Amino acid sequence: MTDRPSILVPLRVLEGESVPEGVPELLAHAHVVLLGYHVIPEQTAPGQARMQFEDRALERLDDYEAMFEGAGATVERRLVFTHDGQKTIDRMIAEHDCMAVLVPNATGPVEDVLVPVRGAIGVDRLARVVASVFGEMDADVTLYHVADEDTTDDDIQTLLGGMADRLAEFGMDPSRVETRIDRDQDPLDAIADIADSFDTVVMGETDPSLATFVFGMPADQIAERFLGPVFVVQREPAPEDEDE
Numbered sequence: 247m248t249d250r251p252s253i254l255v256p257l258r259v260l261e262g263e264s265v266p267e268g269v270p271e272l273l274a275h276a277h278v279v280l281l282g283y284h285v286i287p288e289q290t291a292p293g294q295a296r297m298q299f300e301d302r303a304l305e306r307l308d309d310y311e312a313m314f315e316g317a318g319a320t321v322e323r324r325l326v327f328t329h330d331g332q333k334t335i336d337r338m339i340a341e342h343d344c345m346a347v348l349v350p351n352a353t354g355p356v357e358d359v360l361v362p363v364r365g366a367i368g369v370d371r372l373a374r375v376v377a378s379v380f381g382e383m384d385a386d387v388t389l390y391h392v393a394d395e396d397t398t399d400d401d402i403q404t405l406l407g408g409m410a411d412r413l414a415e416f417g418m419d420p421s422r423v424e425t426r427i428d429r430d431q432d433p434l435d436a437i438a439d440i441a442d443s444f445d446t447v448v449m450g451e452t453d454p455s456l457a458t459f460v461f462g463m464p465a466d467q468i469a470e471r472f473l474g475p476v477f478v479v480q481r482e483p484a485p486e487d488e489d490e
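Following our numbering, the numbering of the sequence shown begins with 247 at its first residue and continues without gaps.
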């Protein structure tokens with residue numbers, strides 16, 4: 247079994263956003279980076295907001311941390327008052343080397359996991375997250391690919407077979423891994439439609455270089471159309487990003 251991956255769970259801690267039902271159990275085998283953040287107006291200094299709201303925010307983070315630890319996760323947490331929520335999330339991903347970010351929608355016991363796979367790029371990180379989070383659960387994993395007209399059956403089998411092999415190398419029981427292929431569909435619509443039959447989705451983020459992990463569409467569009475939790479697996483940092 248691979249080491250626990252770091253999964254970022256961002257919560258707008260002072261805006262009533264809490265840990266949904268089932269999410270602590272979902273991350274029982276992960277290392278949770280719990281980010282409580284609050285977006286403040288441009289004219290407000292972060293230090294001023296911290297003095298005013300820190301105690302209330304920390305009380306809530308105490309409760310959320312206890313929920314994750316009670317389910318079996320390891321936890322580190324950060325509280326940030328920021329003018330730009332997305333920049334803060336991106337910075338936390340880099341600082342804590344998070345392999346994935348969770349869109350933490352509510353869930354019951356996870357039995358079926360959907361993993362859309364576009365191409366060979368990012369397969370290693372995708373497989374590590376899936377095997378680490380779900381390898382010790384009694385859950386089935388479906389590797390899903392929407393093929394275009396130029397893709398041969400052999401190409402698809404090579405792609406999904408390679409992903410299945412990586413899952414097995416990371417400790418996933420091969421008998422719990424299935425594949426599904428669709429053709430001649432809009433990938434975004436296809437994933438959103440099929441996702442309704444699953445408890446959670448694990449997919450790669452869109453790569454701005456166009457070497458996409460998953461169909462070239464923003465993963466958050468899936469999250470908006472799917473009611474369950476969505477793991478967004480992050481790209482491998484480029485060498486220049488690591489230097490910076």
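C-beta: ideal position from N, C-alpha, C; glycine also.
The structure displayed is predicted, hence computed values, not measured ones.
- Every beta strand (DSSP E) stretch that sits fully inside the segment 389-433 and reaches 3 residues is listed by chain position as 423-429.
- Cβ neighbours of E263 within its own chain (closer than 7 Å, five residues either side excluded): L257.
- Judged by DSSP secondary structure, P362 falls within the beta strand (DSSP E) whose first and last residues are D358 to P362.
- Annotation: G381 is outside any beta strand (DSSP E) and is labelled neither H nor E by DSSP.
- For V363, the closest C-alpha among the options A393, E305, P483 and R250 is that of A393.
- Contact between P251 and A312 is absent: CB atoms are separated by about 21 Å, not below the 8 Å threshold.
- Of V349, T353 and H275, the smallest CA-CA separation from A317 is found for H275.
- Straight through space, the alpha carbons of E382 and L389 are spaced by roughly 18 Å.
- Take the alpha-carbon of V423 and the one of V387: they are about 5 Å apart.
- Leaving aside the five residues that flank V361 on each side, the residues in its chain whose CB is nearer than 8 Å to its CB run, in chain order, L372, V376, V387, T388, L389, Y390, M409, V447, V448 and M449.
- As summarised for the segment 325-374, the continuous beta strand (DSSP E) elements at least 3 residues long and confined to that stretch are 346-349 and 358-362, given in chain order.
- Below 8 Å, enough C-beta pairs join the segment 276-289 and the segment 331-349 to call them touching: three or more.
- L405 is positioned such that its CB atom lies closer than 8 Å to that of A366.
- Distance between L325 and R426, taken at the CA atoms: about 41 Å.
- Uninterrupted alpha helix (DSSP H) stretches at least 4 residues long and entirely within the segment 286-327 occur at 292-317, given in chain order.
- Between the C-alpha atoms of V259 and D358 there is a straight-line separation of about 30 Å.
- D445 counts as buried, since at least 16 other C-beta atoms from the protein chains shown sit within 10 angstroms of its C-beta.
- Taking C-alpha positions only, H342 is separated from T320 by approximately 14 Å.
- Judged by DSSP in its simplified three-state form, L254 adopts strand.
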